[in-house]
């Protein structure tokens with residue numbers, strides 16, 4: 005209990021004094037996780053909508069695989085990305101290992117199935133409502149997907165936020181591909197792991213509270229921007 | 006006899022059960038044709054087949070004028086209006102947006118159509134906040150956006166109160182007067198009497214009787230139609 009109280013106090017102090025190290029790793033955490041969320045949303049949302057609207061022989065299999073990939077172990081993803089981008093790996097020539105870009109790539113792999121799967125569920129329900137109307141109005145396949153993505157944007161935002169939640173709290177993969185290098189690839193989660201390893205529990209908890217606060221702030225901000233829960237208007 | 010659409014040997018089967026047909030019919034009327042029959046008679050399926058929402062297992066649907074066959078020259082109003090997650094105005098404007106019309110223009114025309122069907126609510130509110138009658142008027146306005154040559158209505162007044170029914174009927178009279186052919190299913194005998202220029206009476210997926218509205222209600226020819234008009238339960 006003492007550590008938790010001390011951690012909260014330290015967190016408040018770090019935030020109040022705008023501690024430069026904290027600002028740096030928080031900014032990098034945001035950059036990596038938001039970047040990964042944007043890229044994964046660009047892939048996952050249309051993929052989810054496409055799976056909801058189209059019928060093809062292996063559809064159920066693809067959906068089952070997508071759902072299974074939601075539980076992709078981050079450490080394994082990190083390891084695969086590490087092997088791909090290591091100097092002797094097939095993509096080693098790009099020199100991306102131990103950079104924020106490699107961290108983004110690893111997180112995109114982890115969260116795309118989550119975003120696509122949640123989006124698929126949401127769009128499938130909306131498609132059931134809209135099916136007859138869109139067929140009746142002879143909307144093209146592309147128009148159907150665009151309409152479903154637009155009208156389902158609130159549920160899709162939830163899908164993206166679920167992905168962001170997973171990304172911002174992820175540590176295994178980015179630790180492997182980022183290396184937790186000070187002033188280069190250190191983010192909140194890897195810093196927490198480091199402080200815990202050093203036995204600095206107060207600092208680790210302080211960073212943990214900052215991380216929780218950050219996740220809540222981003223969620224609230226997006227809900228505010230998208231005006232959810234204002235029933236009388238869409 | 007050539008009409009605007011003919012069906013020959015049309016059957017629709019779902020899950021091993023024949024829900025429509027075999028059906029042969031020619032629709033001649035230029036006004037408002039009412040589809041009548043008990044639940045499960047095939048009214049909705051017939052409307053959906055004509056609009057291309059339902060595939061037929063056997064048979065043919067032949068449109069005399071190819072322009073009528075184009076889904077874009079047809080409008081469809083569902084029994085339960087499809088409520089898009091948009092404002093009332095954007096819901097009505099939607100068909101024109103699909104046609105590539107600018108949002109401003111589409112909304113302008115949607116406003117005119119809303120007025121045409123007597124929808125006098127705040128058009129910027131979410132469509133879910135409309136009453137049952139208003140939702141159906143919204144659906145009608147949306148179906149009319151492309152100025153359809155043929156309008157299909159699937160029990161549009163089911164679950165509406167008398168006042169809303171009257172308003173919808175007045176709108177249908179105006180649409181008919183504008184030259185649009187209307188094919189509408191209903192269970193409401195009174196409404197059928199008030200609106201029908203022609204009647205198609207279906208029972209158990211088959212066309213049992215087809216006649217002029219006045220003749221159908223004055224002197225139905227078949228035992229099923231007679232029983233139905235008397236309010237007896239058809240099995």
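Protein chains in written order, with our numbering: chain B, 5 to 238; chain H, 6 to 240.
Where is the CB? At the ideal position from N, CA and C, for every residue including glycine.
Source: prediction; values computed, not measured.
Non-local C-beta neighbours of residue 14 of chain H in its own chain, meaning closer than 8 Å and more than five positions away in sequence, comprise 26, 27, 28, 29, 63, 64, 65, ordered along the chain. Using a CB distance cut-off of 7 Å, residue 125 of chain B does not count as an interface residue toward chain H.
For the segment 129-158 of chain B, the set of residues with a beta-carbon nearer than 7 Å to any beta-carbon of chain H comprises 133, 134, 136, 137, 139, 140, 141, 142, 143, 147, 155, in chain order. Taking C-alpha positions only, residue 152 of chain H is separated from residue 100 of chain H by approximately 11 Å. Interface annotation, residue 236 of chain H: not in contact with chain B, CB-CB separation never under 7 Å. At a cut-off of 7 Å between C-beta atoms, residue 103 of chain H counts as an interface residue with respect to chain B.
The beta-carbon of residue 122 of chain H is placed no less than 7 Å from the nearest beta-carbon of chain B.
Under DSSP, no beta-bridge partner is assigned to residue 66 of chain B. Under the DSSP definition of a beta bridge, residue 144 of chain B lacks any partner. Around the beta carbon of residue 46 of chain B, a 10 Å sphere encloses fewer than 16 other beta carbons of the protein chains shown; the residue is thus reported as exposed. Looking at the DSSP output, residue 215 of chain H bridges to H:205. For residue 39 of chain H, the three-state secondary structure derived from DSSP is strand. With fewer than 16 other Cβ atoms inside 10 Å of its own Cβ, residue 175 of chain H counts as exposed. Cα atoms of residue 116 of chain B and residue 162 of chain B: separation of roughly 13 Å, rounded to the nearest angstrom.
For a cut-off of 8 Å, the C-beta gap from residue 149 of chain H to residue 210 of chain H is around 30 Å, too long to register as a contact.
The beta-carbon distance between residue 92 of chain H and residue 132 of chain H, rounded to whole angstroms, is 7 Å. This is short enough to meet the 8 Å contact definition. Against chain B, the beta carbon of residue 143 of chain H has no neighbour under 7 Å; the closest one sits roughly 12 Å away. Of all alpha-carbon atoms in H:52, H:97, H:200, H:105, the one lying nearest the alpha-carbon of residue 177 of chain H is that of H:200.
Legend: CB atoms of the segment 89-100 of chain H lying less than 9 Å from CB atoms of chain B belong to residues 89, 90, 91, 92, 95, 99, 100. B:177 is the residue among B:177, B:230, B:61, B:144 whose C-alpha sits nearest the C-alpha of residue 85 of chain B. In this structure residue 119 of chain B does not touch residue 183 of chain B by the C-beta definition: roughly 26 Å separates them, more than the 8 Å allowed.
Distances from the alpha-carbon of residue 123 of chain H to those of H:140, H:42, H:182, H:69 put H:140 closest. In this structure, the straight-line span from the alpha carbon of residue 152 of chain B to that of residue 83 of chain H is close to 19 Å.
In the same chain as residue 135 of chain H, and ignoring 5 residues on each side of it, the C-beta atoms closer than 7 Å to its own belong to 93, 126, 143, in chain order. Non-local C-beta neighbours of residue 126 of chain B in its own chain, meaning closer than 8 Å and more than five positions away in sequence, comprise 52, 156, 159, 160, 162, 163, ordered along the chain. Residue range 22-32 is occupied by the beta strand (DSSP E) that includes residue 22 of chain H, with no alpha helix (DSSP H) assigned at that position. Under the Cβ distance rule, residue 77 of chain H counts among the residues neighbouring chain B, one pair being separated by less than 7 Å.
Secondary structure of residue 92 of chain H (DSSP, three-state): strand. Inclusion of residue 195 of chain B and residue 14 of chain B in the CB contact set at 7 Å is not warranted, their separation being larger than that value.
In this structure, residue 100 of chain B lies near residue 106 of chain B, with their beta-carbon atoms less than 7 Å apart. Neighbourhood of residue 87 of chain H in chain B, by CB distance below 7 Å: 133, 134, 136, 137, in chain order.
If you draw a 10 Å sphere on the C-beta of residue 78 of chain B, you find 16 or more other C-beta atoms in it, and that means buried.
Residue 79 of chain H has H:155 as its beta-bridge partners, per DSSP. Between the alpha carbons of residue 77 of chain H and residue 17 of chain H lies a gap of roughly 23 Å.
When C-alpha distances from residue 80 of chain B are compared across B:11, B:113, B:132, the shortest belongs to B:113. Counting the other Cβ atoms within 10 Å of the Cβ of residue 196 of chain H gives 16 or more, which makes it buried.
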